[in-house]
Amino acid sequence: MNILVCLKQTFDTEERITIENGKINEDGAEFVINPYDEYAVEEAIKLKEQHGGEVTVITIGPERAEQALRTAMAMGADKGVIVDLEDLGDQVDEHTIAQVLAATIREEDLDFDIILCGYMAVDDGSAQVGPRLAELLEIPHISTITKLTVEGDKVSVEKDVEGDVEYIDAKLPILVTAQQGLNDPRYPSLPGIMKAKKKPLTRLELDDLDLDEEEIAAKTEIIETFLPPKKEAGKILTGDLADQAKELVQLLRSEAKVI
Amino acid sequence: MTKVNGGAFLIEPTDPKDVFTPEDLNEEQKMIAKTTEDFVKDRVWPVLEEIEQHKFEHTVRLLKEAGDLGLLGADVPEKYEGLGLDKISSSLITEKISLGRSFGLSHGAHVGIGTLPIVFFGNEEQKKKYLPDLATGRKFAAYALTEPGSGSDALGAKTTAVLSDDGKHYILNGEKQWITNSGFADVFVVYAKIDGDKFSAFIVERDFPGVSTGPEEKKMGIKGSSTRTLILQDAKVPVENLLGEAGKGHLIAFNILNIGRYKLAVGTLGSSKRAIEISAKYAKERKQFKIPIAKFGLIREKLANMAIKTYALESMVYRIGGMFEAGLEGVEDAEGSVAAQAIGQLAIECSIAKVFGSEVLDYVVDEGVQIHGGYGFMNEYEIENMYRDSRINRIFEGTNEINRLLIPATLMRKAMKGELALMQAAQDLQEKLLTLMPSLPEEDAPVLEEEEKLVENAKKIFLMIAGLAVQKYEQELNKEQEILRDIADIAIETFAMESALLRTKKAIAQNGEEKEQAKIDLTRAYIYESFQKVDAFARHTLAALEEGDVLRTQLSVLKKLTRLQPLNEVALKRTIAARILDTEKYTV
Numbered sequence: 001m002n003i004l005v006c007l008k009q010t011f012d013t014e015e016r017i018t019i020e021n022g023k024i025n026e027d028g029a030e031f032v033i034n035p036y037d038e039y040a041v042e043e044a045i046k047l048k049e050q051h052g053g054e055v056t057v058i059t060i061g062p063e064r065a066e067q068a069l070r071t072a073m074a075m076g077a078d079k080g081v082i083v084d085l086e087d088l089g090d091q092v093d094e095h096t097i098a099q100v101l102a103a104t105i106r107e108e109d110l111d112f113d114i115i116l117c118g119y120m121a122v123d124d125g126s127a128q129v130g131p132r133l134a135e136l137l138e139i140p141h142i143s144t145i146t147k148l149t150v151e152g153d154k155v156s157v158e159k160d161v162e163g164d165v166e167y168i169d170a171k172l173p174i175l176v177t178a179q180q181g182l183n184d185p186r187y188p189s190l191p192g193i194m195k196a197k198k199k200p201l202t203r204l205e206l207d208d209l210d211l212d213e214e215e216i217a218a219k220t221e222i223i224e225t226f227l228p229p230k231k232e233a234g235k236i237l238t239g240d241l242a243d244q245a246k247e248l249v250q251l252l253r254s255e256a257k258v259i
Numbered sequence: 001m002t003k004v005n006g007g008a009f010l011i012e013p014t015d016p017k018d019v020f021t022p023e024d025l026n027e028e029q030k031m032i033a034k035t036t037e038d039f040v041k042d043r044v045w046p047v048l049e050e051i052e053q054h055k056f057e058h059t060v061r062l063l064k065e066a067g068d069l070g071l072l073g074a075d076v077p078e079k080y081e082g083l084g085l086d087k088i089s090s091s092l093i094t095e096k097i098s099l100g101r102s103f104g105l106s107h108g109a110h111v112g113i114g115t116l117p118i119v120f121f122g123n124e125e126q127k128k129k130y131l132p133d134l135a136t137g138r139k140f141a142a143y144a145l146t147e148p149g150s151g152s153d154a155l156g157a158k159t160t161a162v163l164s165d166d167g168k169h170y171i172l173n174g175e176k177q178w179i180t181n182s183g184f185a186d187v188f189v190v191y192a193k194i195d196g197d198k199f200s201a202f203i204v205e206r207d208f209p210g211v212s213t214g215p216e217e218k219k220m221g222i223k224g225s226s227t228r229t230l231i232l233q234d235a236k237v238p239v240e241n242l243l244g245e246a247g248k249g250h251l252i253a254f255n256i257l258n259i260g261r262y263k264l265a266v267g268t269l270g271s272s273k274r275a276i277e278i279s280a281k282y283a284k285e286r287k288q289f290k291i292p293i294a295k296f297g298l299i300r301e302k303l304a305n306m307a308i309k310t311y312a313l314e315s316m317v318y319r320i321g322g323m324f325e326a327g328l329e330g331v332e333d334a335e336g337s338v339a340a341q342a343i344g345q346l347a348i349e350c351s352i353a354k355v356f357g358s359e360v361l362d363y364v365v366d367e368g369v370q371i372h373g374g375y376g377f378m379n380e381y382e383i384e385n386m387y388r389d390s391r392i393n394r395i396f397e398g399t400n401e402i403n404r405l406l407i408p409a410t411l412m413r414k415a416m417k418g419e420l421a422l423m424q425a426a427q428d429l430q431e432k433l434l435t436l437m438p439s440l441p442e443e444d445a446p447v448l449e450e451e452e453k454l455v456e457n458a459k460k461i462f463l464m465i466a467g468l469a470v471q472k473y474e475q476e477l478n479k480e481q482e483i484l485r486d487i488a489d490i491a492i493e494t495f496a497m498e499s500a501l502l503r504t505k506k507a508i509a510q511n512g513e514e515k516e517q518a519k520i521d522l523t524r525a526y527i528y529e530s531f532q533k534v535d536a537f538a539r540h541t542l543a544a545l546e547e548g549d550v551l552r553t554q555l556s557v558l559k560k561l562t563r564l565q566p567l568n569e570v571a572l573k574r575t576i577a578a579r580i581l582d583t584e585k586y587t588v
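Residue numbers (UniProt numbering), protein chains in the order written: chain A, 1 to 259; chain B, 1 to 588.
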């Protein structure tokens with residue numbers, strides 16, 4: 001089985017994030033595989049362990065993002081492809097990424113039976129790249145899956161639908177996106193880490209792909225980046241219930257201004 | 001890296017380029033560190049409380065999991081199912097696994113003093129038989145040296161080994177005390193005297209007839225490590241399980257202790273960083289007088305002091321890691337005597353690291369408790385556990401007293417053997433000292449130039465004091481423990497200062513001053529304080545060595561060497577504390 005995983009390197013949201021000149025400060029930020037993509041990597045390796053085949057991990061990002069591919073290869077992926085879009089500067093959004101991924105898969109002749117992505121990235125949270133890519137490759141997709149079974153070309157998934165579960169049967173080839181709960185990603189073992197540095201890694205730039213820069217240019221623009229407001233201490237109302245209700249209504253009007 | 005000569009730092013300058021620093025870690029090493037840390041946080045921490053209550057089934061299960069990840073095989077060559085990793089990777093595992101507290105100790109005893117005697121001193125059959133199981137976690141190891149009547153005096157062991165009539169077994173009798181991992185270990189490296197005088201090492205399996213363990217000890221700290229007595233009652237040990245040569249057990253015992261001391265220091269580094277992290281977080285959360293205590297100068301000063309010492313420790317630990325890597329290359333495949341030689345080369349640095357690391361951690365957890373106030377005294381707070389766990393580090397793997405005595409003793413031995421030109425250096429210095437003009441501090445000296453001079457002067461002070469002590473007492477110096485301790489402390493502080501300095505200089509050369517301001521601040525703060533300690537140790541010993549006019553002359557020479565440009569420590573430490581509080585962890 002040929003398995004592709006698209007992953008993104010994101011900053012670690014568990015570490016402190018600072019903003020400088022309207023951008024996230026990368027100095028001192030820790031970078032990790034986007035956690036949802038990590039579920040995708042784990043699921044891909046499990047599929048390979050069951051069915052044999054090969055796992056290819058693809059990422060788009062600067063040189064540092066190679067580390068994310070090495071981590072995926074240390075977990076068990078077989079080879080990696082990284083596309084550096086430095087030339088495009090800020091002109092990159094979900095539309096661009098999906099186009100570049102599709103072109104990479106076509107032009108690198110990456111055969112696939114199944115493509116796995118995280119359902120969204122924790123940095124921009126758009127949840128668009130997976131479905132867009134499926135559309136471009138003209139294959140079906142199922143998003144936010146929490147269970148995956150493949151037998152022959154039959155695919156059964158459990159999909160998270162806002163707390164409920166939807167059971168869906170489908171056929172290969174397919175693209176699925178991983179939701180939390182799909183699996184428990186393994187740690188890269190030490191032998192895995194040592195092997196990873198010898199696994200093949202292809203480095204591409206925009207020029208290596210037959211794409212029209214204008215066509216793939218971002219269709220959206222980031223206007224502002226800011227941190228969520230600091231959480232203030234809550235307020236506990238006291239007194240008898242009628243007074244509390246009165247005070248609450250007043251606060252909702254005057255302070256929170258929601259009514 | 002150049003070829004290593006232990007103790008040479010006292011008489012030779014070191015090029016920052018030749019020193020390994022944490023900034024030099026490669027991607028694989030960082031990934032190994034991350035896997036270890038994630039493993040401890042996700043797998044060990046949830047059951048740490050139960051481990052503390054002696055539920056060793058967790059320890060064994062987690063050690064096996066660690067084995068599956070490769071965390072037990074770093075120091076075992078590949079041909080025995082280990083990974084044969086570099087010593088830096090191995091150190092990173094030790095540093096990160098220390099976050100698992102008692103579990104970290106169980107891990108350390110297994111991969112370190114338990115397994116390494118066989119790695120370095122086992123013959124081919126012994127390696128083939130034991131190492132694959134130990135490297136992968138199918139079996140666990142322990143190290144049995146201490147006895148009720150012999151702790152520091154390890155060679156005074158009373159356990160005996162007598163060859164059986166048929167010549168096929170050694171019959172061991174005796175008791176080994178406080179054996180880490182003894183509750184579940186399958187293999188013990190045991191020291192006993194053949195025919196009552198030839199101190200030797202044996203590989204003893206738990207299942208051999210006559211081998212048993214006593215009840216679990218009730219300890220002050222590291223309660224979640226298994227500590228029992230190993231009882232040998234006519235224990236039948238096959239002759240092929242003699243480890244190394246008969247009568248040469250001391251070579252194994254002491255050299256494995258050298259590595260054990262180094263690994264202990266690495267562990268104290270991991271724990272120190274953790275204590276800083278939790279103390280910084282607590283200081284920001286805890287409010288008194290309606291403001292977070294992190295705003296108070298005295299709390300900030302504590303956090304700064306914790307970080308300053310930890311920086312010196314971290315610099316020292318990875319510097320030695322680099323020296324081990326250079327010195328031990330290919331040694332696993334060589335004869336045991338080659339291994340002993342190579343490890344023994346770094347005996348001084350290992351003792352320094354052991355003493356320094358255990359005392360830094362004790363300081364850091366003590367101030368950590370203080371920052372936590374009354375809550376720091378409560379068992380449900382992590383810092384209380386860390387405080388108790390820390391204390392043993394100054395005692396085991398050779399007490400800090402024994403290790404302090406070992407430093408000058410080993411230096412003297414190396415000097416006698418001609419491996420270290422200490423005598424010559426001391427003589428040269430004496431001539432120079434008489435005419436020495438103190439260099440005047442410059443106002444606008446380049447960054448760290450003043451500190452570099454202080455480190456050079458500390459080395460001179462070491463040679464001066466050690467030289468005078470040797471002159472006065474000659475062969476009797478070993479009876480002057482207080483003076484030997486001062487000499488050791490000057491060497492320890494000198495190595496710590498220099499390690500921090502070299503690391504920072506290397507970082508500046510790579511990234512420029514602007515990006516390395518944190519390291520510069522930590523280095524300056526450490527050297528300023530440490531150098532004054534060196535001055536005090538020197539005066540303490542001078543007053544014991546000399547009197548009257550001679551003393552006054554020597555003190556005036558010392559004074560020329562100890563001129564110190566004043567430093568605004570208050571401001572410097574506030575800056576250091578601000579970085580820690582900002583990131584809520586030890587940050588360089």
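The beta carbon of each residue, even a glycine, is placed where N, CA and C say it ideally should be.
(message) Could you pull the DSSP bridge partners for Leu-4 (chain A) from this structure?
(response) Indexing the first sequence from 1 puts residue 4 (chain A) at position 4. Answer by DSSP bridge pairing, in chain order: A:Thr-56, A:Ile-115.
(request) Rounded to whole angstroms, what's the CA-CA distance from Gly-76 (chain A) to Tyr-526 (chain B)? Just pull it up for me. (result) Against the first sequence, residue 76 (chain A) aligns to sequence position 76. Against the second sequence, residue 526 (chain B) aligns to sequence position 526. One C-alpha to the other measures close to 44 Å.
(request) Pick helix, strand or coil for Arg-563 (chain B), following the three-state DSSP scheme. (result) Within the second sequence, numbered from 1, the residue matching residue 563 (chain B) stands at position 563. Three-state DSSP puts Arg-563 (chain B) in coil, outside helix and strand.
(request) Quick one: list the residues of chain A neighbouring Leu-69 (chain B), beta-carbon separation under 8 Å, in chain order. (result) For this step, residue 69 (chain B) is matched to residue 69 along the second sequence. Chain A residues near Leu-69 (chain B): Tyr-187, Ser-189, Leu-190.
(message) Quick check on Phe-208 (chain B): does DSSP put it in helix, strand or coil?
(response) Residue 208 (chain B) sits at position 208 when you count from the first residue of the second sequence. It is coil, neither helix nor strand.
(message) Looking at chain B, is there any beta carbon in it that lies within less than 8 Å of the beta carbon of Lys-197 (chain A)?
(response) Start at 1 with the first residue of the first sequence, and residue 197 (chain A) comes out as number 197. It does: the Cβ of Lys-197 (chain A) has a partner Cβ on chain B nearer than 8 Å.
(request) Locate the alpha helix (DSSP H) running through Asn-511 (chain B), then write down its first and last residues. (result) Here residue 511 (chain B) refers to the residue found at position 511 of the second sequence. Per DSSP, Asn-511 (chain B) belongs to the alpha helix (DSSP H) from 481-511.
(request) Consult DSSP for Asp-84 (chain A) and reduce its assignment to one of helix, strand or coil. (result) The residue given as residue 84 (chain A) occupies position 84 in the first sequence. If DSSP states are grouped into helix, strand and coil, Asp-84 (chain A) belongs with the strands.
(message) Strictly below 8 Å CB to CB, what residues from chain B border Gln-180 (chain A)?
(response) The residue you call residue 180 (chain A) lines up with position 180 of the first sequence. Near Gln-180 (chain A) there are no residues of chain B at all, since even the closest Cβ is about 15 Å away, more than 8 Å.
(message) What does the alpha-carbon distance come out to for the pair Gly-122 (chain B) and Lys-17 (chain B)?
(response) Taking the second sequence and counting its residues from 1, one reaches residue 122 (chain B) at position 122. Taking the second sequence and counting its residues from 1, one reaches residue 17 (chain B) at position 17. Rounded to whole angstroms, the gap between the alpha carbons of Gly-122 (chain B) and Lys-17 (chain B) is 36 Å.
(request) Quick one: residues in its chain with C-beta nearer than 6 Å to the C-beta of Phe-537 (chain B), no 5 flanking neighbours on either side, listed in chain order? (result) As a position in the second sequence, residue 537 (chain B) is number 537, starting the count at 1. Cβ neighbours of Phe-537 (chain B) beyond the five flanking positions: Asp-486, Asp-489, Ile-490.
(message) To test your reading of the DSSP string, which unbroken alpha helix (DSSP H) runs of 4 or more residues are found completely within the stretch 50-125 of chain B?
(response) Counting whole runs of 4 or more residues, the stretch 50-125 of chain B contains the alpha helix (DSSP H) stretches 56-69, 87-97, 102-109, 116-121.
(message) Relative to the C-alpha of Asp-164 (chain A), which candidate in A:Ala-72, A:Ile-145, A:Lys-154, A:Thr-177 has its C-alpha closest?
(response) On the first sequence, residue 164 (chain A) is found 164 positions in, with the first residue counted as 1. The option with the nearest alpha carbon to Asp-164 (chain A) is A:Ile-145.
(request) Could you give the DSSP three-state label for Leu-134 (chain B): helix, strand or coil? (result) For the purposes of this step, residue 134 (chain B) is taken as residue 134 along the second sequence, with counting starting at 1. The answer is helix: DSSP assigns Leu-134 (chain B) an H, G or I state.
(request) Determine the DSSP secondary structure at Pro-438 (chain B), reduced to helix, strand or coil. (result) Your numbering for residue 438 (chain B) matches position 438 in the second sequence. DSSP places Pro-438 (chain B) in coil when its eight states are reduced to three.
(request) Taking C-beta pairs closer than 9 Å, name the residues in chain B that Gln-67 (chain A) reaches, listed in chain order. (result) Against the first sequence, residue 67 (chain A) aligns to sequence position 67. In chain order, Glu-27, Lys-30, Met-31 make up the part of chain B whose C-beta sits under 9 Å from the C-beta of Gln-67 (chain A).
(message) Please list the terminal residues of the continuous beta strand (DSSP E) segment that includes Ala-466 (chain B).
(response) By 1-based counting over the second sequence, the position of residue 466 (chain B) is 466. Here Ala-466 (chain B) belongs to no beta strand (DSSP E); instead the alpha helix (DSSP H) covers 449-473.
(message) For Thr-2 (chain B) and His-51 (chain A), what's the separation of their Cα atoms in angstroms?
(response) The residue labelled residue 2 (chain B) in the question sits at position 2 within the second sequence. The residue labelled residue 51 (chain A) in the question sits at position 51 within the first sequence. Residue placement at Thr-2 (chain B) cannot be trusted, given a pLDDT of 44 that sits under 50; the coordinates are not used to answer.
(message) If distances are taken between C-alpha atoms only, which option among B:Thr-136, B:Leu-264, B:Asp-234 comes closest to residue 594 (chain B)?
(response) Only positions 1 to 588 of chain B appear in this structure, which leaves residue 594 (chain B) out of reach.
(message) Taking only three categories from DSSP, how would you classify Gly-189 (chain A)?
(response) For the purposes of this step, residue 189 (chain A) is taken as residue 189 along the first sequence, with counting starting at 1. Checking the displayed sequence, the identity of residue 189 (chain A) turns out to be Ser instead of Gly. In this structure, Ser-189 (chain A) counts as coil in the three-state DSSP scheme.
(request) Measure the Cβ-Cβ separation of Ile-88 (chain B) and Phe-20 (chain B) and say whether it is below 8 Å. (result) If you number the second sequence from 1, residue 88 (chain B) lands on position 88. If you number the second sequence from 1, residue 20 (chain B) lands on position 20. Yes, the Cβ-Cβ distance between Ile-88 (chain B) and Phe-20 (chain B) is below 8 Å.
(request) Report yes if the C-beta of Ser-351 (chain B) is less than 7 Å from at least one heavy atom of the ligand GDP; otherwise report no. (result) Annotation note on the ligand GDP: not contained in the displayed structure, which lists no ligands.
(request) Specify whether the stretch 370-387 of chain B and the stretch 278-286 of chain B touch according to this definition: at least 3 beta carbon pairs, one from each stretch, less than 8 Å apart. (result) Enough Cβ pairs lie closer than 8 Å, so yes.
(request) Measure the C-alpha to C-alpha separation of Lys-127 (chain B) and Ala-353 (chain B) and round it to an integer number of angstroms. (result) Mapped onto the second sequence, residue 127 (chain B) falls at position 127. Mapped onto the second sequence, residue 353 (chain B) falls at position 353. Annotation: Lys-127 (chain B) to Ala-353 (chain B) spans about 29 Å, alpha carbon to alpha carbon.
(request) State buried or exposed for Leu-420 (chain B), treating a residue as buried only when at least 16 other CB atoms are found within 10 Å of its CB. (result) Numbered from its first residue, the second sequence carries residue 420 (chain B) at position 420. By the Cβ neighbour-count rule, Leu-420 (chain B) is buried, with 16 or more other Cβ atoms within 10 Å of its own.
(request) Could you give the DSSP three-state label for Asn-173 (chain B): helix, strand or coil? (result) Locating residue 173 (chain B) in the second sequence gives position 173, where the first residue counts as 1. Of the three classes helix, strand and coil, the one that applies to Asn-173 (chain B) here is strand, per DSSP.
(request) Could you name each continuous alpha helix (DSSP H) segment of 4 residues or more that falls completely within the stretch 194-257 of chain A, going from the start of the chain to the end? (result) For secondary structure counted as the alpha helix (DSSP H) over 4 or more consecutive residues, the stretch 194-257 of chain A holds these complete runs in sequence order: 213-216, 241-254.
(message) Using only CA atoms, which one of B:Glu-147, B:Gly-108, B:Leu-502, B:Ala-577 lies nearest to Ser-226 (chain B)?
(response) The residue given as residue 226 (chain B) occupies position 226 in the second sequence. Closest by alpha carbon: B:Gly-108.
(request) Helix, strand or coil for Val-4 (chain B), going by three-state DSSP, please let me know. (result) One-based indexing of the second sequence puts residue 4 (chain B) at position 4. DSSP places Val-4 (chain B) in coil when its eight states are reduced to three.
(message) I'd like to check one pair, Pro-140 (chain A) with Ile-174 (chain A): are the Cβ atoms closer than 8 Å?
(response) The residue given as residue 174 (chain A) occupies position 174 in the first sequence. The residue given as residue 140 (chain A) occupies position 140 in the first sequence. Cβ distance < 8 Å, so Ile-174 (chain A) and Pro-140 (chain A) count as in contact.
(message) Between the alpha carbons of Ala-256 (chain A) and Glu-359 (chain B), how many angstroms are there, rounded?
(response) Walking along the first sequence from the start, residue 256 (chain A) turns up at place 256. Walking along the second sequence from the start, residue 359 (chain B) turns up at place 359. The C-alpha of Glu-359 (chain B) is placed about 53 Å away from the C-alpha of Ala-256 (chain A).
(message) Taking 6 Å as the limit between beta carbons, can you name the residues of its chain near Val-266 (chain B), skipping five residues before and five after?
(response) For this step, residue 266 (chain B) is matched to residue 266 along the second sequence. Result list for Val-266 (chain B): Ser-91, Thr-94, Glu-95, Val-317, in chain order.
(request) Per DSSP, which residues does Pro-62 (chain A) bridge with? Please list them. (result) Walking along the first sequence from the start, residue 62 (chain A) turns up at place 62. For Pro-62 (chain A), which the question treats as bridged, DSSP gives no partner whatsoever.
(request) Would you decide whether Val-119 (chain B) is buried or exposed? Buried here means 16 or more other CB atoms lie within 10 Å of its CB. (result) Position 119 of the second sequence holds residue 119 (chain B). With 16 or more neighbouring CB atoms inside 10 Å of its own CB, Val-119 (chain B) falls in the buried class.
(message) Is Thr-71 (chain A) close to chain B? Criterion is C-beta to C-beta, closer than 8 Å.
(response) For the purposes of this step, residue 71 (chain A) is identified with residue 71 of the first sequence, where counting begins at 1. Taking Cβ atoms only, chain B reaches closer than 8 Å to Thr-71 (chain A), which makes this a yes.
(request) Since I believe Ser-390 (chain B) is in contact with Ser-212 (chain B) (beta carbons under 8 Å), could you give me their beta-carbon distance rounded to a whole number of angstroms? (result) By one-based count along the second sequence, residue 212 (chain B) stands at place 212. By one-based count along the second sequence, residue 390 (chain B) stands at place 390. Contact between Ser-212 (chain B) and Ser-390 (chain B) fails: their C-beta atoms lie close to 32 Å from each other, not under 8 Å.
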